[in-house]
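Chains as they are written, first to last, in my numbering: chain A, 47 to 383; chain D, 42 to 445. Note that beta-carbon positions come from the ideal geometry of N, C-alpha and C, so glycine has one too. Some notes on the structure that comes next.
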């Protein structure tokens with residue numbers, strides 16, 4: 047059974063990425079109508095494709111317009127992307143026949159890259175709990191982390207009214223043991239804007255994710271990390287690269303790494319062929335834990351891959367820069383909103 | 042690289058042109074450019090082609106148009122803009138004087154644009170100091186050389202130089218002796234120039250512009266081919282190029298025919314390479330069209346051209362360019378104001394095919410500054426009111442002499 051095998055790979059059993067990948071492709075081609083027609087339009091099918099690299103990656107945009115679902119039986123849950131522009135942008139929906147793979151996949155990479163040094167840590171979660179945001183993949187992910195690696199005193203600091211700044215301020219001031227602050231990039235900015243500052247105990251760390259899409263303020267990753275280090279006195283700030291459409295996450299700043307069952311390639315946006323390491327392209331993720339939707343995705347982010355498989359994210363592929371008297375879409379939208 | 046003082050020195054060296062001399066020499070210069078063997082034409086084709094990557098066919102067509110206009114229409118244009126040297130008004134008479142130097146800041150997205158601008162300035166007696174764009178620095182200097190080759194003295198009234206657009210010091214030096222400024226670019230870059238121009242100095246700003254096409258009932262059978270040319274020319278980079286086409290009729294059929302024409306054009310006049318960001322933006326348009334209900338996608342194998350027929354969401358949206366166009370069905374012209382509302386401030390050209398009375402109606406209704414036949418978007422007459430305003434008459438200074 048494919049699901050069991052993937053769970054085994056996540057648990058550490060050795061596996062052949064290409065072989066497993068092709069079987070995941072065959073499964074998804076068979077069970078997901080949207081993906082099947084997408085592949086057929088490209089002349090790709092399980093008989094024709096010889097390696098995981100030849101499997102056509104589905105644009106994440108598809109999740110906004112179609113049901114990208116390969117599960118057998120009706121889905122039990124879904125995650126939804128957060129709307130980012132003020133206009134009526136459609137939100138992507140990721141359906142699951144079970145959250146077992148998601149729950150298993152999130153653990154090993156988090157442990158390795160964010161919490162390698164101790165089994166548990168007190169967590170301050172700068173995001174709403176699933177109770178308030180039942181379809182947020184980030185909230186669900188953080189809840190699992192809190193269960194698996196949160197020490198007593200771990201708490202959520204976002205409620206229905208937003209960031210609980212007073213409680214957060216008090217908790218940070220009173221912290222007498224190492225803490226981990228995990229949350230959205232924007233929540234950290236709010237925290238800093240509210241004037242919260244402290245020197246957190248040694249061993250404290252921060253993990254931020256989500257970026258600044260559609261927000262009024264934008265900071266570069268190094269600006270954001272500098273701000274967090276400056277205000278909170280933590281020495282380690284780690285960026286988490288993930289998205290609603292995936293099942294697995296990547297960690298790191300200039301150099302991002304992920305689990306063994308998820309590989310990243312960069313594709314030339316002009317031809318959608320793989321570009322050589324060191325050159326920028328659209329980030330395409332092959333995430334074998336993404337069994338219930340599509341394991342072969344191409345994002346709207348630009349990145350550069352390194353020979354060891356790690357990569358850097360250059361940011362969301364911007365609306366094209368305007369040349370001459372033409373106007374870029376982003377500027378046009380800003381004018382409208 | 043030229044320093045700011047080099048720029049200033051070049052400005053000071055400019056000789057004020059004799060307008061009558063300009064009006065007799067420049068049409069002859071333009072006529073020479075129309076000869077396929079002309080050495081300046083050939084150099085321009087080679088160098089502009091190499092710099093921009095635009096298909097030679099489009100560059101040739103652009104040169105033919107602009108030089109054809111200059112060869113036959115320069116005097117009439119000046120006459121239309123400035124019919125009389127002196128006018129009378131109650132209590133006074135008024136005479137116009139040209140700016141000693143007009144500073145042109147060119148954008149480079151469409152080669153050939155500098156020719157009418159430089160010729161127009163010379164023809165009203167203004168010297169022309171030109172900044173060329175990094176992306177296309179060749180056409181203006183070659184044109185000026187061709188003027189100098191025909192008339193050495195007249196050639197000393199124009200100069201084209203490159204300096205980085207980001208350099209305030211260079212801009213200040215260029216502005217020091219300019220008595221009029223013409224700036225092309227994004228709203229942002231035009232605004233930053235405006236901030237440095239003395240208030241009250243003639244300043245013609247050509248910033249962000251969006252154009253469209255409308256195909257009405259009664260459009261000719263070759264409407265898709267005409268539309269394809271408007272979209273493909275200079276890879277849609279011109280302010281006149283349509284981003285969206287509204288079809289009062291069978292829009293999916295039109296879109297399919299347009300796609301076939303773009304494919305044909307791509308084979309003969311291929312698109313220049315686009316940047317990573319542009320290619321990614323084109324991919325995003327395609328991804329949405331592929332999965333969205335109500336949308337049909339026609340596309341080349343690479344990102345060379347893209348047609349999206351969207352029957353559900355028809356409001357105007359700018360294109361990422363590179364020959365990417367949306368086609369929407371239209372019940373009637375009266376729907377357009379609502380559909381164009383987000384873009385209204387930016388609208389320039391509407392290329393139109395259909396009944397003459399609909400063209401009139403469009404002129405009233407949708408806030409564009411130019412209506413032209415479909416297929417002719419890239420060929421505005423030299424006397425056009427660029428972005429809704431006259432050109433030459435806005436450069437001059439009127440001096441009133443009162444009765445006393």
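Nearest neighbour of residue i, chosen from the options [CA to CA]
| i | options | result |
| --- | --- | --- |
| residue 227 (chain D) | D:139, D:150 and D:55 | D:150 |
| residue 104 (chain D) | D:445, D:89 and D:118 | D:89 |
| residue 300 (chain D) | D:57, D:344, D:412 and D:401 | D:344 |
| residue 238 (chain D) | D:272, D:346 and D:215 | D:215 |
| residue 145 (chain D) | D:183, D:225, D:305 and D:79 | D:225 |
| residue 374 (chain D) | D:386, D:388, D:401 and D:349 | D:401 |
| residue 253 (chain D) | D:392, D:98, D:80 and D:427 | D:392 |
| residue 195 (chain A) | A:176, A:180, A:156 and A:177 | A:156 |
| residue 241 (chain D) | D:351, D:92 and D:439 | D:439 |
| residue 169 (chain A) | A:152, A:190, A:158 and A:86 | A:190 |
| residue 84 (chain D) | D:294, D:46, D:178 and D:232 | D:178 |
| residue 134 (chain D) | D:81, D:125 and D:142 | D:125 |
| residue 64 (chain D) | D:160, D:57 and D:51 | D:160 |
| residue 268 (chain D) | D:112, D:416 and D:322 | D:416 |
| residue 266 (chain A) | A:323, A:299, A:62 and A:212 | A:299 |
8 angstroms Cβ cutoff, residue i in contact with chain A
| i | result |
| --- | --- |
| residue 172 (chain D) | no |
| residue 380 (chain D) | no |
| residue 435 (chain D) | no |
| residue 410 (chain D) | no |
| residue 328 (chain D) | yes |
| residue 339 (chain D) | no |
| residue 344 (chain D) | yes |
| residue 355 (chain D) | no |
| residue 181 (chain D) | no |
| residue 145 (chain D) | no |
| residue 333 (chain D) | yes |
| residue 388 (chain D) | no |
| residue 317 (chain D) | yes |
| residue 325 (chain D) | yes |
| residue 320 (chain D) | yes |
Contacts around residue i, its chain only, beta-carbon distance under 8 angstroms, and the 5 residues preceding and following it disregarded
| i | result |
| --- | --- |
| residue 121 (chain A) | 115, 141, 142, 143 and 338 |
| residue 64 (chain A) | 97 and 98 |
| residue 95 (chain A) | 68, 71 and 101 |
| residue 289 (chain D) | 255, 256, 257, 258, 370, 371, 372, 373, 374 and 395 |
| residue 356 (chain A) | 298, 301, 302 and 303 |
Chain D within 8 angstroms of residue i, Cβ atoms only
| i | result |
| --- | --- |
| residue 126 (chain A) | no |
| residue 189 (chain A) | no |
| residue 254 (chain A) | no |
| residue 315 (chain A) | yes |
| residue 346 (chain A) | yes |
| residue 105 (chain A) | yes |
| residue 292 (chain A) | no |
| residue 330 (chain A) | no |
| residue 341 (chain A) | no |
| residue 236 (chain A) | no |
Proximity of residue i and residue j at Cβ, strictly below 8 angstroms
| i | j | result |
| --- | --- | --- |
| residue 107 (chain D) | residue 153 (chain D) | yes |
| residue 43 (chain D) | residue 202 (chain D) | yes |
| residue 343 (chain A) | residue 326 (chain A) | no |
| residue 187 (chain A) | residue 161 (chain A) | no |
| residue 233 (chain A) | residue 258 (chain A) | no |
| residue 317 (chain A) | residue 125 (chain A) | no |
| residue 66 (chain A) | residue 55 (chain A) | yes |
| residue 147 (chain A) | residue 335 (chain A) | yes |
| residue 74 (chain D) | residue 82 (chain D) | yes |
| residue 141 (chain D) | residue 169 (chain D) | no |
Same chain, Cβ closer than 6 angstroms to residue i, neighbours up to 5 away in sequence not counted
| i | result |
| --- | --- |
| residue 214 (chain A) | 203 |
| residue 390 (chain D) | 252, 281, 411 and 418 |
| residue 184 (chain A) | 173 |
Cut-off 7 angstroms between Cβ atoms - residues of its own chain near residue i, not counting five sequence neighbours on either side
| i | result |
| --- | --- |
| residue 244 (chain A) | 218, 219, 278 and 279 |
| residue 100 (chain D) | 86, 89, 90 and 152 |
| residue 307 (chain D) | 341, 345 and 346 |
Should the segment 262 to 277 of chain A be called in touch with the segment 234 to 241 of chain A, which here means at least 3 C-beta pairs below 8 angstroms?
-> Because the criterion of three Cβ pairs below 8 angstroms is met, the segment 262 to 277 of chain A and the segment 234 to 241 of chain A touch.
State whether the segment 118 to 138 of chain D contacts the segment 189 to 197 of chain D, with contact taken as three or more CB pairs (one from each stretch) at a distance under 8 angstroms.
-> No, the segment 118 to 138 of chain D does not touch the segment 189 to 197 of chain D.
Between the segment 205 to 222 of chain A and the segment 160 to 180 of chain A, do three or more beta carbon pairs fall short of 8 angstroms?
-> Enough Cβ pairs lie closer than 8 angstroms, so yes.
Given 8 angstroms, three or more beta-carbon pairs between the segment 334 to 348 of chain D and the segment 298 to 314 of chain D | At 8 angstroms Cβ cutoff, the stretches touch.
Using 8 angstroms as the Cβ pair cut-off and three pairs as the minimum, do the segment 308 to 325 of chain D and the segment 268 to 283 of chain D touch?
-> Flag = yes, the segment 308 to 325 of chain D and the segment 268 to 283 of chain D touch.
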